[in-house]
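Asks: The C-terminal position of the sequence shown is numbered 143 in this note's numbering, with every residue numbered one higher than the one before it. Cβ coordinates follow ideal geometry from the N, Cα and C atoms, glycine included.
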Amino acid sequence: MGHHMVFMLIVFLFVGLDEAHEKNRIIVNNQLGSGPSGIPLYYLCRSTYSEYTGTQKLTDFNSNWTVDFEESLFHNRLVWLCDLSFRTDKEYYFKELQVYRAASEIRWGQLRQWTCRIDGIYFTRDYNEPVGRVLDWKSTNL
Ligand SMILES: *[C@@H]1O[C@H](CO)[C@@H](O)[C@H](O)[C@H]1NC(C)=O
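1. Count Cβ pairs between the stretch 85-97 and the stretch 63-76 that sit closer than 8 angstroms; are there 3 or more?
2. Might you give, ordered along the chain, the residues of its own chain that have their beta carbon closer than 8 angstroms to the beta carbon of R126, omitting 5 neighbours on each side?
3. Nearest CA to the CA of F1: which residue from Q57, A103 and L59?
4. To the nearest angstrom, how far is the alpha carbon of M6 from that of G39?
5. Sort I122, Q32, N31 and F62 by Cα distance to F95 and report the nearest one.
6. Kindly list the residues whose CB is nearer than 7 angstroms to the CB of Q32, restricted to its own chain and excluding five residues on each side of it in sequence; keep chain order.
Right, here's the structure in full:
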């Protein structure tokens, strides 16, 4: 086998291995209100890999912001932070929620689902497990 063939084989092997991995996923899920009177959830998320959503809103009940990504060997540990907020009688918010934090080794196929409800922020790492309440909203008067 020539050098060229060996090189191509290695490339295919890496591409193949890479495709075999499921990406990591963050979901920010709006369950603030049901029906057409859904309460908009505002989010602004950013990562230490320089990704930045700007301020966005999720209007409908059960709508999501989803991001799929891989951790990189060539960066420091990846962290994603989100500022979340909504308004009813007050402004409710949570700033710099750490929605994803890499471990010391690279991981694939991780899920971090953050479900926003009126009474707090709910979380699961597993599609087969229901979300559980983990955080309170902070609030300020309007
Ligand atoms: C948003 O994500 C939740 C949880 O994974 C899912 O049940 C729901 O169907 C998604 N909503 C939409 C509009 O895709």
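Replies: Considering the structure as presented:
1. no
2. The residue you call residue 126 lines up with position 125 of the sequence shown. Taken in chain order, the residues that qualify are Q111, L112, R113 and Q114.
3. Nothing can be reported for residue 1: it is not among the residues displayed for the chain, which extend from 2 to 143.
4. The count along the sequence shown starts at 1 and reaches residue 6 at position 5. The count along the sequence shown starts at 1 and reaches residue 39 at position 38. When rounded, the distance between both Cα atoms is 58 angstroms.
5. Translated into the one-based positions of the sequence shown, residue 95 becomes position 94. The shortest C-alpha separation from F95 is found at I122.
6. The sequence position of residue 32 within the sequence shown is 31, counting from 1. Around Q32: F62, N63, T116, C117 and R118.
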